[in-house]
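Protein chains: 2
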Amino acid sequence: MAPAEPTAARPGRPRSARADKAIMEAVLDLLAEEGGVAGISMEAVAARAGVGKSTVYRRWPDKERLIVAALAALKGPLPEPPGRSAREDLLVLARAIAAEHSGRRGRCVWNALGGADKHPELMNRYREEVLEPRRELMRRVLRRGIAAGELRADLDVEAVVTVLVGAMTMPGRAPAPFDDDVAERLPDMVVDVLMRGIGV
Amino acid sequence: MAPAEPTAARPGRPRSARADKAIMEAVLDLLAEEGGVAGISMEAVAARAGVGKSTVYRRWPDKERLIVAALAALKGPLPEPPGRSAREDLLVLARAIAAEHSGRRGRCVWNALGGADKHPELMNRYREEVLEPRRELMRRVLRRGIAAGELRADLDVEAVVTVLVGAMTMPGRAPAPFDDDVAERLPDMVVDVLMRGIGV
DNA sequence: ACGATACGCTACGGGAGCGTTTCGTTATTC
DNA sequence: GAATAACGAAACGCTCCCGTAGCGTATCGT
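Chains A and B supply the protein sequences, listed in that same order.
For the first sequence, numbering that gives the first Met the number 0 assigns the number 0 to the initial residue and increments by one for each residue that follows.
For the second sequence, numbering that gives the first Met the number 0 assigns the number 0 to the initial residue and increments by one for each residue that follows.
The structure is reproduced here in structure tokens:
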């Protein structure tokens, strides 16, 4: 976030931490409501944050880098798989992904990453800081399950990761063939389908 | 497309079918490259189509309805499951979805549907005309597989549909953890994982 | 030939928005 | 108290763009 000056007793009035946070929140709110980078205006960000435009531009040089910073700030703590069984671990991960991608967080991603070709920084930061760590965690869980004899030894780990992530992030994208009820039970349903397979 | 006047011998010069098509193509190209509704300008559409702005506005009253029309025009023919086995049918559907969502088509959807809250018409038309028919086809295939005894009788059809669609539309969104090679084999890998399950 | 309509092109009024600057005020250090 | 820097507010120049209107030309029916 904003070029980190060590709080080294600089003269003058210090930056307002409150403004920092208000701006980030405003960007994320607008990102969730409007249509991506092009749909957000700096004017709206400042107004929503209750802040002057100069306060925004003092921290970030332009719109794109402000949004990149806000998106990276979405990075939350990684879910911790308890490690008792592969099934339980997968369920924990599935629920975590589902939770993260519903609500504002999911909408931010979905809206911001449209037009990723035009703003490659956005997609890169998000993939490196948010997506890939989660995929890596899932790979570890799968490999541990294979080693423990709980999962098939010839499993295509990458395919399973893709299936699981894809399935859990789907509902946030294509709203409403689902009851809320179904959406809540989706992680359990998906893990069950995956574990048992659909064949007889 | 454009208020369908039956070609009923109106006087004067007829609308150019070539312009119709060029405009649609231009919208889709720009939708794939730029960032959603807000990222597209009518001047860019007209220029790309090699057409005057008036020719665009003669057909659609404003930008939003133009884009809605273009998105609905993405509707292609439904893939035809051969019906010899559930596995083969699912593979055909998976490959079809993967093919549709790679390349320009996928980018259009991904970019256009960001900010769906702000342009509900977009999402609605797309879901009704493109997404839902494909989900319904998949449900039919699954139910036929259950009836034929190839799939588990207690299968959660809706969960499987979500898993399959989610997995196949994933790569178009999160580029590049994949080799091209993996992306091509993804449908087969996913169907295999689904059929057999990941458990021992 | 004639009227009607579509065509590509150019121009326009009006608004939105980016990034900058200025201003008077407020908070913090020396 | 003096120096410094961040603050909110407002205004600026600039560019882009929406949707409309008018031009002269091209293409259709009669």
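C-beta: ideal position from N, C-alpha, C; glycine also.
### Query
How would you write the range of the alpha helix (DSSP H) that A:His118 sits in, first residue to last?
The sequence position of residue 118 of chain A within the first sequence is 119, counting from 1. Premise fails: A:His118 is in no alpha helix (DSSP H) and is neither H nor E.
### Task
Please decide whether A:Lys74 counts as near chain B, where near means a Cβ-Cβ distance under 8 Å.
Taking the first residue of the first sequence as 1, we reach residue 74 of chain A at position 75. Not an interface residue.
### Query
Which residues, in chain order, does the stretch 90 to 123 of chain A contribute to contact with chain B at a C-beta distance below 9 Å?
Arg106, Trp109, Asn110, Ala111, Leu112, Gly113, Gly114, Ala115, Asp116, Lys117, His118 and Met122
### Message
Measuring only the C-alpha atoms, how far is B:Val156 from B:Ile197?
### Response
For the purposes of this step, residue 156 of chain B is taken as the residue at position 157 of the second sequence. For the purposes of this step, residue 197 of chain B is taken as the residue at position 198 of the second sequence. Distance between the alpha carbons of B:Val156 and B:Ile197: 18 Å.
### Query
Is it a yes or a no for the stretch 147 to 163 of chain A touching the stretch 183 to 195 of chain B, going by three-plus beta-carbon pairs under 8 Å?
yes
### Query
Which value, in whole angstroms, describes the spacing of the CA atoms of A:Val189 and A:His100?
Here residue 189 of chain A corresponds to residue number 190 of the first sequence, with the count starting at 1. Here residue 100 of chain A corresponds to residue number 101 of the first sequence, with the count starting at 1. Roughly 16 Å between the two C-alpha positions.
### Query
Mind checking whether A:Ala45 and A:Gly38 have CB atoms under 8 Å apart?
For this step, residue 45 of chain A is matched to residue 46 along the first sequence. For this step, residue 38 of chain A is matched to residue 39 along the first sequence. It is not a contact, given that the beta carbons lie outside the stated cut-off.
#### Entry: For B:Ala158, the nearest candidate out of B:Glu63, B:Glu149 and B:Met137 (CA to CA)
As a working note, residue 158 of chain B is residue 159 in the second sequence. Among B:Glu63, B:Glu149 and B:Met137, the Cα nearest to that of B:Ala158 belongs to B:Met137.
### Message
Any beta carbon from chain A within less than 8 Å of B:Met139's own beta carbon?
### Response
Counting from one through the second sequence, the residue named residue 139 of chain B turns up at place 140. Contrary to the premise, residue 139 of chain B reads as Arg rather than Met in this sequence. No, B:Arg139 does not count as interfacial toward chain A.
### Task
Report the residue from B:Met122, B:Val140 and B:Ser84 whose alpha carbon sits nearest the alpha carbon of B:Ala71.
Position 72 of the second sequence holds residue 71 of chain B. Ranking the options by Cα distance to B:Ala71, first place goes to B:Met122.
### Query
What number of angstroms, rounded off, separates the C-alpha of B:Glu24 from the C-alpha of A:Gly113?
Position 25 of the second sequence, counted from the start, is the residue given in the question as residue 24 of chain B. Position 114 of the first sequence, counted from the start, is the residue given in the question as residue 113 of chain A. Those two C-alpha atoms are separated by around 19 Å.
### Query
Is any beta-carbon of chain A found at less than 8 Å from that of B:Val129?
Position 130 of the second sequence, counting from 1, holds the residue named residue 129 of chain B. Among the residues facing chain A, B:Val129 is not included, as its CB has no counterpart in that chain under 8 Å away.
### Task
Could you tell me whether any Cβ in chain B is nearer than 8 Å to the Cβ of A:Ala16?
As a first step, residue 16 of chain A must be located in the first sequence, where it is residue number 17. For A:Ala16, the answer is no, since every Cβ of chain B falls outside 8 Å of its Cβ.
### Check whether A:Val36 and A:Ala152 have beta carbons under 8 Å apart
Taking the first sequence and counting its residues from 1, one reaches residue 36 of chain A at position 37. Taking the first sequence and counting its residues from 1, one reaches residue 152 of chain A at position 153. Cβ distance not < 8 Å, so A:Val36 and A:Ala152 don't count as in contact.
### Task
Specify, as a first and last residue, the run of the alpha helix (DSSP H) that A:Val67 falls within.
The count along the first sequence starts at 1 and reaches residue 67 of chain A at position 68. Taken as a continuous stretch (DSSP letters only), the alpha helix (DSSP H) holding A:Val67 covers Lys62 to Ala71.
### Query
So, helix, strand or coil for B:Asp191, using DSSP?
By 1-based counting over the second sequence, the position of residue 191 of chain B is 192. Residue state, collapsed to three classes: helix.
#### Entry: Any C-beta of chain B under 8 Å from that of A:Asp61
For the purposes of this step, residue 61 of chain A is identified with residue 62 of the first sequence, where counting begins at 1. No, A:Asp61 lies away from the interface with chain B (no Cβ there is under 8 Å from its Cβ).
### Query
Nearest chain A C-beta to B:Asp28 closer than 8 Å, yes or no?
As a first step, residue 28 of chain B must be located in the second sequence, where it is residue number 29. So no, B:Asp28 is outside the interface.
### Query
Where does the unbroken alpha helix (DSSP H) through B:Val159 begin, and where does it stop?
Indexing the second sequence from 1 puts residue 159 of chain B at position 160. Val156 to Thr168 is the extent of the alpha helix (DSSP H) around B:Val159.
### Query
From A:Pro5 to A:Pro13, what does the alpha carbon distance come to, in whole angstroms?
Taking the first sequence and counting its residues from 1, the one referred to as residue 5 of chain A is at position 6. Taking the first sequence and counting its residues from 1, the one referred to as residue 13 of chain A is at position 14. Reliability fails at A:Pro5, whose pLDDT of 48 lies under 50, so the model's placement of it is uncertain and no value is given.
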